[in-house]
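K.L.:
Residue numbers (the numbering used here): 12 to 491.
C-beta atoms are modelled at their ideal positions from N, C-alpha and C, and glycine is treated no differently.
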Amino acid sequence: MNYRMIGNMVGRLLLLEAGLLLLPALVSLIYREASLWALLAAAGVALLLGGALTALVRVRDKTIYAKEGFVIVSLSWILLSAVGALPFVLSGEMPSYVDALFETVSGFTTTGASVATDLYAFSHGVLFWRSFTHWIGGMGVLVLMMALIPTGTGRTIHVMRAEVPGPIVGKLVPRLRDTAKILYLIYLALTVVEIIALLCAGMPLFDSFIYTFGTAGTGGFGMHPDSVGSYGPAVQWIITVFMLLFGVNFNIYYLLLIRSFRPAFTSRELWLYLGVVLVSAGVITANVLPLYAGIDEALRQAVFQVSSIVTTTGFATTDFNLWPGLSKGILLLLMFMGGCAGSTAGGLKMSRVMLLGKTVVRELKRLVHPRSVGVVRLEGKRVEEETVHSTAAYFILYMALLAVAFLVLSAEPFSLETNLTAAITCLNNVGPGLGDVGPMGGFAAYSVLSKVVLTLTMLLGRLEIYPLVLALLPGTWTKE
């Protein structure tokens, strides 16, 4: 285990967080808020810890293998969240550190589940930081660091594989740092375009930043109790379109930029993703039509909620708790599926669902033809057996962790629907569930133990289980 390189990378990330905290501090300065000092103090803590790690830990060997990658990602996300929770506590706007940590982890993991009971009590600076964590965590904080800061090693692919969601992770171009830059430039460009679009639709500047951060990171933190319900149809349609765009694999955008149109438009994952959205929205529109004044409103509500849930953004324009059982059932299934691999969305991912489905079909064929040699293909390419087995193991572990989280929550005095969907929505980084944790509810009423478990569940979901689990195993820390 290369402890020095781990310490150095984590230190660099904390220094990056210190710099990022200055942006919401600037917002507090503009609005002349007392939270400025809380944000600067948190930046100072990040600067002190990061500076100490980078200055005191002298790196001789810059080698990073798979286990170092897992540990770097796990420790980075934990420390990033621990320091990121300080502005809430130091400002007094969320006195409980457990609540602040829950909110911060929900932000960085782009979950959007909240324990805040009065959003209007937050200062502009803290509210900006709360939503800015979505944007930071959406593409991956370590990917951002690799794009901005030279790491001095060519093995950071192990870090990227541990942080970027999806069963298969690769480079867009030969140099990994250039890949990280391309991803973040596309991410930034889409972010800027959405801010401009929302401004043109009449949304105030500050609101545009808040809701764009939530859309880009597919997180879902807003600034009103009814999420996006306060805004008009134009704003809702713009957010709908951009939620869907941020749920697409960013490799598709790169292919379009280099004019490689055929592989971009023949992506089976992309067509599955769009097909699921269209079919789900169509069925829900027909199902909820009697609840609304006309088909236009029913369609807008259905498309918005389907886009929000399948991309695991978690915004809402209506209380879908009041929808018929069929519509709620479809939304529940979409919580599991998630968006495309290589996007900012959570959930299992469309490519993993495809891979699991193809594996099941192969095994069924083997039962009929025992001597056949089945090959699993994804996007026309053969998938290695190691990846197939890893995906199956991931799904088993995923279901086991979901069961554990649900059992812990079952001790709470809430309905089965509330506790089950609370576990599902946190593991899949969706945000709202059903029942008391629906789009107009929250997680504030849960006990401290349940909040800690859900906080861990959100981290497990965002890092796709393996990095955090492996970092906790004693064997990972041995020198062999």
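What is the DSSP secondary structure of Arg388, counted as helix, strand or coil?
P.N.:
If you number the sequence shown from 1, residue 388 lands on position 377. Three-state result, Arg388: strand.
K.L.:
Among Ala200, Leu445, Phe220, Thr251, which one has its Cα closest to the Cα of Leu344?
P.N.:
Counting from 1 along the sequence shown, the entry for residue 344 is found at position 333. Among Ala200, Leu445, Phe220, Thr251, the Cα nearest to that of Leu344 belongs to Leu445.
K.L.:
Using only CA atoms, which one of Tyr195, Gly357, Leu24 lies nearest to Met254?
P.N.:
Taking the first residue of the sequence shown as 1, we reach residue 254 at position 243. If we check each option's Cα against that of Met254, Gly357 comes out closest.
K.L.:
Helix, strand or coil for Arg270? Go by DSSP, reduced to three states.
P.N.:
As a position in the sequence shown, residue 270 is number 259, starting the count at 1. Note: Arg270 maps to coil in three-state DSSP.
K.L.:
Taking Met348 as the reference, give the member of Tyr264, Thr436, His235 with the closest Cα.
P.N.:
Position 337 of the sequence shown, counted from the first residue, corresponds to residue 348. Nearest of Tyr264, Thr436, His235 to Met348, Cα basis: Thr436.
K.L.:
Thinking C-beta only, is Thr223 closer than 8 Å to Phe257?
P.N.:
Taking the first residue of the sequence shown as 1, we reach residue 257 at position 246. Taking the first residue of the sequence shown as 1, we reach residue 223 at position 212. No, the Cβ-Cβ distance between Phe257 and Thr223 is not below 8 Å.
K.L.:
Alpha carbon to alpha carbon, how far is Leu418 from Ala433? Give it in angstroms, no decimals.
P.N.:
Counting from one through the sequence shown, the residue named residue 433 turns up at place 422. Counting from one through the sequence shown, the residue named residue 418 turns up at place 407. Near 11 Å, if we compare the C-alpha coordinates of Leu418 and Ala433.
K.L.:
Can you tell me which of Ala63, Leu34, Ile407 puts its alpha carbon nearest to the alpha carbon of Leu51?
P.N.:
Here residue 51 refers to the residue found at position 40 when the sequence shown is read from its first residue. Answer by Cα proximity: Leu34.
K.L.:
Just to confirm, is the Cβ distance from Leu64 to Gly22 under 8 Å?
P.N.:
As a position in the sequence shown, residue 64 is number 53, starting the count at 1. As a position in the sequence shown, residue 22 is number 11, starting the count at 1. Cβ atoms of Leu64 and Gly22: closer than 8 Å.
K.L.:
Near Ser117, which residues of its chain fall below 7 Å by C-beta distance, leaving aside the five closest residues on each side in sequence?
P.N.:
Position 106 of the sequence shown, counted from the first residue, corresponds to residue 117. Excluding sequence neighbours, Ser117 sits near Gly123, Ala124, Ser125, Met469.
K.L.:
Run through the DSSP bridge pairs and tell me what Arg393 is partnered with.
P.N.:
Here residue 393 refers to the residue found at position 382 of the sequence shown. Its beta-bridge partners are Arg388.
K.L.:
The alpha helix (DSSP H) that contains Trp88, what's its start and end?
P.N.:
Residue mapping note: residue 88 aligns to position 77 of the sequence shown, counting from 1. From DSSP, the alpha helix (DSSP H) with Trp88 extends over 77–95.
K.L.:
Please name the residue in Leu210, Tyr242, Tyr265, Asp237 whose C-alpha comes closest to that of Ala7.
P.N.:
Limits of the chain in this structure are 12 at one end and 491 at the other, which puts residue 7 out of reach.
K.L.:
In chain order, what residues of the same chain have a beta carbon less than 8 Å from the beta carbon of Thr370, not counting five sequence neighbours either side?
P.N.:
Residue 370 sits at position 359 when you count from the first residue of the sequence shown. Around Thr370: Val387, Val399, Thr402, Ala403.
K.L.:
Is there at least one non-hydrogen atom of the ligand GDP closer than 7 Å to the beta-carbon of Leu32?
P.N.:
Looking at this structure, you won't find the ligand GDP or any other ligand, since it has none at all.
K.L.:
Can you name, in chain order, every residue of its own chain whose Cβ lies under 6 Å from the Cβ of Met214, other than the five neighbours on each side?
P.N.:
Residue 214 sits at position 203 when you count from the first residue of the sequence shown. Within the same chain, Met214 has close Cβ partners Val246.
K.L.:
Kindly list the residues whose CB is nearer than 6 Å to the CB of Val441, restricted to its own chain and excluding five residues on each side of it in sequence; keep chain order.
P.N.:
Looking up residue 441 in the sequence shown gives position 430. Excluding residues within five positions, the ones whose Cβ falls inside 6 Å are Thr323, Gly325, Met346.
K.L.:
Is Phe261 closer than 8 Å to Ile197 when the C-beta atoms are compared?
P.N.:
Residue 197 sits at position 186 when you count from the first residue of the sequence shown. Residue 261 sits at position 250 when you count from the first residue of the sequence shown. Cβ distance < 8 Å, so Ile197 and Phe261 count as in contact.
K.L.:
Start and end of the alpha helix (DSSP H) containing Asn332?
P.N.:
Here residue 332 corresponds to residue number 321 of the sequence shown, with the count starting at 1. Run containing Asn332: none; DSSP gives neither H nor E here.
K.L.:
Which class does Asp307 belong to by DSSP, given the choice of helix, strand or coil?
P.N.:
As a first step, residue 307 is located in the sequence shown; it is residue number 296 there, counting from the start. It is helical.
K.L.:
Measure how close the beta-carbons of Ser271 and Ile341 come, nearest whole angstrom, since I'm counting them as under 8 Å.
P.N.:
Taking the sequence shown and counting its residues from 1, the one referred to as residue 271 is at position 260. Taking the sequence shown and counting its residues from 1, the one referred to as residue 341 is at position 330. Between Ile341 and Ser271 the Cβ distance is about 34 Å, and since that is not below 8 Å, they are no contact.
K.L.:
What is the C-beta distance between Val137 and Ser46, in whole angstroms, given that I count them as a contact (C-beta under 8 Å)?
P.N.:
Counted from its first residue, the sequence shown places residue 137 at position 126. Counted from its first residue, the sequence shown places residue 46 at position 35. Confirmed, Cβ separation roughly 5 Å.
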